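Those letters in the sequence shown? Residues 191 to 544, per our numbering, in order. Every residue gets a Cβ at the ideal spot worked out from N, C-alpha and C, and that includes glycine. If you're wondering where the values come from, they're calculated on a predicted model, not measured in any experiment. Right, one structure below, let's go through it.
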Amino acid sequence: MALAPVKGAVLRTPRGVNAPWRLVLGRLGFLVAALFGVMTLSFLLVSVTPGDPARLIAGPLASDSQVEAIETELGLDRPLGERYVDYVSGLVRGDLGVSYYSKQPIVDEIASKLPATLTLVLLSVVLAAVIGVLVGSVGAYFRGRWPDSVGRLFTGIFQAVPDFFLGLILIYLLFFVAGIAPAPAGQLAFSESPPPKVTGAIPIDALIAGDMALFASSLQHLVLPVLTLGLVYAAYFAKTARTTVGRALNSQQVHFARAMGLKERTVLRYAFVESRTTIVTYAGVIFAALLGGEAIVEKVFAWDGIGTWALNGILRLDLPVVQGMVLVAGALTLITYTLLDIVVGLLDPRIKHA
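Structure follows, in structure tokens:
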């Protein structure tokens, strides 16, 4: 039986029905504004940085006229405002400029380097999350007992060791001593050629090409750098998981679940669901931080990614390369945080976004 509407009553849409859409649209609007800010900041930071790239390119024996000729060729003698307008108009067309040294378009160089870094970072974050959440959850469940002590020892050790130093230790132990890991020579051995490029990620392209030997080799070369970053950042995940899962295990919901006689496995699942928002947030923050911050690890393992490319560009004052790196790293970080906000907001609608 349907209830008849009361005469004169105004039907209102329940609050919160359109909240997911408002959240998505609001975050996308913020993303566009923030991207414009990153674009301007990357141009200003690089353009006012001390140093003379034209003299560096010309060499120490070049005359002033030769340096001025290079400045004119690169457009460095033009006013800052004119260069900014050209920079923005180029970005609108998808043009990030040309490297001073390789003479290749920056967009092409980023497209060739980024898949290797994304592969490394993604696998490292997944490994760190699995190990860290496991160690932290066990520590929270057995708080004050020996599993907790072992977990805290693991956390303390790997938080104190710099990632590049751990990479050198793993190279020594697993390559030189044990001989079970391949040489740190990049994504493949010196004698191997990369598969035909489809995605740019060698393991995926090797699978597409049906070359299982090359696929296995690419996975073997991923082990040491992924293990390096994964172990270091697993310590941070473990510390976060120990705190959040421990707080959830002491929450009223878990006490009520235990009082109702639910199985301990079900109680643990409730506790993990309660703490998942914090862990997902932390995974996004680590992913964004690694995108522009693992250049030294790439250098240690001769990993031909965007970190090594940017580091070489900084050392040579290759301004388009540095601008491209700042812009790409900033854009990927903002996109990651935006997606993170949306996912966290959908997972836990109780969270209010400013």
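Burial state of residue i, where buried means 16 or more other Cβ atoms lie within 10 Å
i, result
"residue 383", "exposed"
"residue 477", "buried"
"residue 499", "buried"
"residue 411", "buried"
"residue 487", "buried"
"residue 293", "exposed"
"residue 336", "exposed"
"residue 322", "buried"
"residue 193", "At residue 193 the pLDDT is 48, less than 50, meaning the model places this residue with poor confidence; the figure from the coordinates comes in the next sentence. It is exposed - the Cβ of residue 193 has fewer than 16 other Cβ atoms within 10 Å."
"residue 260", "buried"
"residue 457", "buried"
"residue 279", "exposed"
"residue 303", "buried"
"residue 218", "exposed"
"residue 352", "exposed"
"residue 438", "buried"
"residue 369", "exposed"
"residue 334", "exposed"
"residue 400", "exposed"
"residue 191", "Reliability of the predicted coordinates at residue 191 is poor, the pLDDT of 45 falling under 50, and the value obtained from them is presented with this limitation in mind. Residue 191 comes out exposed."
"residue 485", "buried"
"residue 265", "exposed"
"residue 357", "buried"
"residue 544", "Bear in mind that a pLDDT of 45 at residue 544, under 50, signals an unreliable position, so the number given afterwards is only what the model happens to contain. It is exposed - the Cβ of residue 544 has fewer than 16 other Cβ atoms within 10 Å."
Nearest-angstrom beta carbon gap, residue j and residue i [assumed within contact, 8 Å]
i, j, result
"residue 415", "residue 491", "5 Å"
"residue 361", "residue 374", "5 Å"
"residue 465", "residue 434", "4 Å"
"residue 523", "residue 472", "15 Å between Cβ atoms; not a contact."
"residue 536", "residue 467", "With a Cβ gap of about 10 Å, residue 536 and residue 467 do not count as contacting."
"residue 376", "residue 494", "6 Å"
"residue 385", "residue 404", "6 Å"
"residue 425", "residue 332", "Not confirmed; about 18 Å, so no contact."
"residue 443", "residue 460", "6 Å"
Range covered by the alpha helix (DSSP H) that runs through residue i
i, result
"residue 279", "270-282"
"residue 443", "442-449"
"residue 520", "509-537"
"residue 504", "496-505"
"residue 396", "392-399"
"residue 337", "336-350"
"residue 488", "485-490"
"residue 433", "402-439"
"residue 256", "254-264"
"residue 326", "296-331"
"residue 354", "353-360"
CB contact flag (residue i, residue j, <8 Å)
i, j, result
"residue 326", "residue 447", "no"
"residue 330", "residue 432", "yes"
"residue 480", "residue 314", "yes"
"residue 371", "residue 364", "yes"
"residue 525", "residue 512", "no"
"residue 341", "residue 328", "yes"
"residue 508", "residue 291", "yes"
"residue 366", "residue 421", "no"
"residue 521", "residue 228", "yes"
"residue 483", "residue 527", "no"
"residue 496", "residue 300", "yes"
"residue 408", "residue 396", "yes"
>> Would the segment 514-532 count as touching the segment 213-220 if we require 3 or more Cβ pairs under 8 Å?
In response: The segment 514-532 and the segment 213-220 touch, with no fewer than 3 CB-CB distances between them shorter than 8 Å.
> On the three-pair Cβ rule with 8 Å, is the segment 376-394 touching the segment 302-318?
Replying inline: The segment 376-394, when compared against the segment 302-318, does touch it at the 8 Å Cβ threshold.
> So, do the segment 285-304 and the segment 509-517 have three or more beta carbon pairs nearer to each other than 8 Å?
Replying inline: The segment 285-304, when compared against the segment 509-517, does touch it at the 8 Å Cβ threshold.
>> Does the segment 221-237 come into contact with the segment 262-282, if we say contact requires no fewer than three beta-carbon pairs (one atom in each stretch) closer than 8 Å?
In response: The segment 221-237, when compared against the segment 262-282, does touch it at the 8 Å Cβ threshold.
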